[in-house]
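Visitor:
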Ligand SMILES: Nc1ncnc2c1ncn2[C@@H]1O[C@H](COP(=O)(O)OP(=O)(O)O)[C@@H](O)[C@H]1O
Ligand SMILES: [Mg+2]
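Residue numbers (my numbering): 369 to 824.
#1: Scan the segment 684 to 733 and note each continuous beta strand (DSSP E) run of 3 residues or more that stays entirely inside, going in chain order.
#2: DSSP three-state call for residue 675: helix, strand or coil?
#3: Could you round the C-beta distance between residue 456 and residue 484 to whole angstroms and report it? I think they count as a contact, below 8 Å.
#4: With DSSP as the reference, label residue 763 as helix, strand or coil.
#5: Does at least one heavy atom of ligand 2 sit under 7 Å from the Cβ of residue 600?
#6: Going by other Cβ atoms of all chains shown within 10 Å of its Cβ, with 16 needed for buried, is residue 821 buried or exposed?
#7: First and last residue of the beta strand (DSSP E) that includes residue 752?
#8: Measure the C-alpha to C-alpha separation of residue 824 and residue 719 and round it to an integer number of angstroms.
#9: Drop a sphere of 10 angstroms on the beta-carbon of residue 449, count the other beta-carbons inside from all chains shown, and report buried for 16 or more, exposed for fewer.
#10: Beta-carbon within less than 6 Å of residue 670's beta-carbon, same chain only, minus the 5 sequence neighbours each way: which residues are those?
#11: Three or more C-beta pairs closer than 8 Å, one from the segment 762 to 770 and one from the segment 740 to 752: is that the case here?
#12: By the three-class DSSP mapping on this structure, what secondary structure does residue 774 have?
#13: Provide the residue(s) that pair with residue 798 in DSSP beta bridges, ordered along the chain.
#14: Just reading off the alpha helix (DSSP H) that residue 501 is part of, what are its end residues?
#15: Indicate whether the contact test is met: 3 or more Cβ pairs, each with one atom in the segment 403 to 416 and one in the segment 568 to 588, closer than 8 Å.
#16: Closer than 8 Å by C-beta to residue 818: which residues in its own chain qualify, once you throw out the five before and the five after it? Chain order, please.
#17: What residue does the alpha helix (DSSP H) around residue 622 start on, and which one ends it?
#18: Taking 7 Å as the cut-off, is the C-beta of residue 826 nearer than that to any heavy atom in ligand 1?
#19: Do you know offhand how far residue 632's Cα is from residue 640's?
#20: So, using beta-carbon positions, are residue 782 and residue 814 closer together than 8 Å?
#21: Please report the straight-line C-alpha distance between residue 629 and residue 593, rounded to a whole angstrom.
#22: Just curious, the alpha helix (DSSP H) that residue 448 is in, first and last residue?
#23: Give the single residue among 726, 662, 680, 677 whose Cα lies nearest to the Cα of residue 692.
#24: Counting beta carbon pairs with one atom in the segment 393 to 409 and one in the segment 471 to 482, are three or more of them shorter than 8 Å?
#25: Could you check whether the segment 527 to 539 touches the segment 389 to 398, counting it as contact only if at least three pairs of C-beta atoms, one from each stretch, sit closer than 8 Å?
#26: When every heavy atom of ligand 1 is checked, does at least one fall within less than 7 Å of the C-beta of residue 732?
#27: Could you check if residue 540 is buried or exposed, using at least 16 other CB atoms within 10 Å of its CB as the buried criterion?
#28: Only counting runs of 4 or more residues, tell me where the alpha helix (DSSP H) segments fall wholly within the segment 631 to 656, in order along the chain.
#29: Roughly how many angstroms separate the alpha carbons of residue 445 and residue 503, rounded to a whole number?
#30: Between residue 677 and residue 683, is the Cβ-Cβ spacing less than 8 Å?
#31: I think residue 384 touches residue 565, with their Cβ atoms under 8 Å apart; what is that distance to the nearest whole Å?
#32: Roughly how many angstroms separate the alpha carbons of residue 463 and residue 517, rounded to a whole number?
#33: Could you tell me which of 761, 467, 544, 699 sits nearest to residue 403, measuring between CA atoms?
#34: Hey, residue 498 and residue 437 are a contact pair by Cβ (cut 8 Å); roughly how many whole angstroms apart?
#35: Take residue 426 and list the residues in its own chain whose beta-carbon comes closer than 7 Å to its own, dropping the five residues that flank it on each side.
#36: Confirm, please, whether the CB-CB distance from residue 672 to residue 659 is below 8 Å.
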């Protein structure tokens, strides 16, 4: 939602920027065209002014030539006249071109041409009279006011034309000045708009970034909360698992004691009774044989009871200590499974629950070796250090992929839980074909508890 709003704002600043660029281009182009036109007009007006000035000059030259010739009758004095006449035609033609499409100038030019024609006709006539030897008539023409008046008109009309050219010139110059002003204002405005667009862009970019940051922070908070919840749940599940393991051990201990005390007493009493009966029935071999059989059955029952009790709660642990219990465990496993078990066991100084943890770990590891490893050899190593002990159970069996342990199995998981609940670490190394190695490190004391002085 917020993002979309910001995106539309960004789009707007982009549109504004494009608009500013478009305006700048238009202003520039218009200014350029107007200035070009004004420059062309300036050039035209200057040429026209020049042509008019030259025309005047030519008329003066022609008049001078005419007078010289009339005074001297020498052909050389006619030359400036003849040259000027040719020039006058050229300049008139040029002026016609330059005044195309300009009625005022065309009108002025027409007037000027009229007066010029008359003046030229007057001069032509006087020269012709001189050529024909009629000098008096020609002087008469000269003394009339006609030539002078035409000359005055020509000057007036020329001045008008020059004024028109000058007006065009100044208009074109004003046009150029206007274009320059327009460009100046336009560029300033566009620069201002560009700066504004840039500022908006920056501000919106900033807003987008801070919105992103807020979103990230919210996500992070949510993640933290979830992690916290997961941690709490995991901790409570771990506590539950520890509790269940404790309950299980307690119940197994209780069951072992009951079996030992009650069933043991019963079986022992029965065995005593059978022994007594046997001594009384010495003369009845048949009965003695049956009693013998019964004694064997009772012995098997007692052995079974002992095995079950040992399995439930290794009495050897409290009676003989961890090292002896592990030796018994290893030996019995070896006898049962045919796997050779090497044992290197150092005496350790641990409380009963840690000893039980190690015992259960070795027990489960050996069971797994018997069930899965197809090993010919196994080793159990227990080492004692200042503050911790390490246990290692390894085999040379087929191994397994530790990444893919079925979720329905709990032996290894329970082992890890036990070790970690006691503040230790369990490392499982195995890969198919290379055997399996389980290493546990257990602190010698419960975390936070001070070492009891002289404890053994
Ligand atoms: N020493 C071993 N050699 C080969 N495979 C083993 C060994 N220990 C455990 N495994 C494999 O790991 C799996 C998980 O073992 P465990 O957690 O003890 O569960 P369970 O014994 O109930 O199957 C076993 O199913 C077996 O495939
Ligand atoms: Mg198992």
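All C-beta atoms, glycine included, are put in the ideal place defined by N, C-alpha and C.
Guide: With the given structure in hand:
#1: Within the segment 684 to 733, the beta strand (DSSP E) runs of at least 3 residues that lie entirely inside it are, in chain order, 708 to 713.
#2: Per DSSP, reduced to three states, the secondary structure at residue 675 is helical.
#3: About 7 Å; that satisfies the 8 Å criterion.
#4: DSSP places residue 763 within a strand segment (E or B) once states are collapsed to three.
#5: No; taking the cut-off as 7 Å, the Cβ of residue 600 has no heavy atom of ligand 2 nearer than that.
#6: Because residue 821 sits at a pLDDT of 41, beneath the cut-off of 50, its placement in the model cannot be relied upon, and the following sentence gives the value as read from the coordinates. Residue 821 comes out exposed.
#7: Where residue 752 is concerned, the enclosing beta strand (DSSP E) starts and stops at 745 to 752.
#8: Low per-residue confidence applies at residue 824: pLDDT is 35, beneath 50, and the placement is therefore not dependable, though the value from the model is reported in the following sentence. Our two residues, residue 824 and residue 719, have alpha carbons roughly 9 Å apart in a direct line.
#9: By the C-beta density criterion, residue 449 is buried, having at least 16 other C-beta atoms within 10 angstroms.
#10: Closer than 6 Å at the Cβ level, and outside the excluded window around residue 670, lie 635.
#11: Taking 8 Å as the limit for Cβ pairs, the verdict is that the segment 740 to 752 does touch the segment 762 to 770.
#12: Note: residue 774 maps to coil in three-state DSSP.
#13: 804, per the DSSP bridge assignment.
#14: First-last for residue 501: undefined, no H or E at that position.
#15: The segment 403 to 416 and the segment 568 to 588 do not touch, with fewer than 3 CB-CB distances between them shorter than 8 Å.
#16: The predicted position of residue 818 is uncertain, since its pLDDT is 49 and thus under 50; a value taken from the coordinates is nonetheless stated next. Non-local beta-carbon contacts of residue 818 in its own chain, meaning distances under 8 Å to residues more than five positions away in sequence, are absent.
#17: Note, residue 622: alpha helix (DSSP H), 514 to 626.
#18: Any question about residue 826 goes unanswered here, given that the chain covers just 369 to 824.
#19: Approximately 12 Å, taken between the alpha carbons.
#20: Between residue 782 and residue 814, the gap from beta carbon to beta carbon reaches 8 Å or more.
#21: One Cα belongs to residue 629, the other to residue 593, and the distance between them is close to 53 Å.
#22: Per DSSP, the unbroken alpha helix (DSSP H) holding residue 448 starts and ends at 447 to 466.
#23: The alpha carbon of residue 692 has as its nearest neighbour, out of 726, 662, 680, 677, the alpha carbon of 726.
#24: No: fewer than three Cβ pairs fall under 8 Å.
#25: Verdict: no, contact absent.
#26: Indeed, a heavy atom of ligand 1 lies less than 7 Å from the Cβ.
#27: By the neighbour-count rule (16 or more Cβ atoms within 10 Å), residue 540 is buried.
#28: Within the segment 631 to 656, the complete alpha helix (DSSP H) segments at least 4 residues long are 632 to 648, listed from N- to C-terminus.
#29: For residue 445 and residue 503, the gap between their C-alpha atoms comes out near 16 Å.
#30: The answer is yes: Cβ separation under 8 Å.
#31: Indeed, because the Cβ distance is near 4 Å, the residues count as touching under 8 Å.
#32: Cα atoms of residue 463 and residue 517: separation of roughly 23 Å, rounded to the nearest angstrom.
#33: Between residue 403 and the set 761, 467, 544, 699, the nearest pair of CA atoms involves 544.
#34: Correct: roughly 6 Å between the Cβ atoms.
#35: Take residue 426, set aside five residues on each side of it, and the residues of its chain with a beta-carbon closer than 7 Å to its own are 452, 455, 456, 459, in chain order.
#36: Contact: no.
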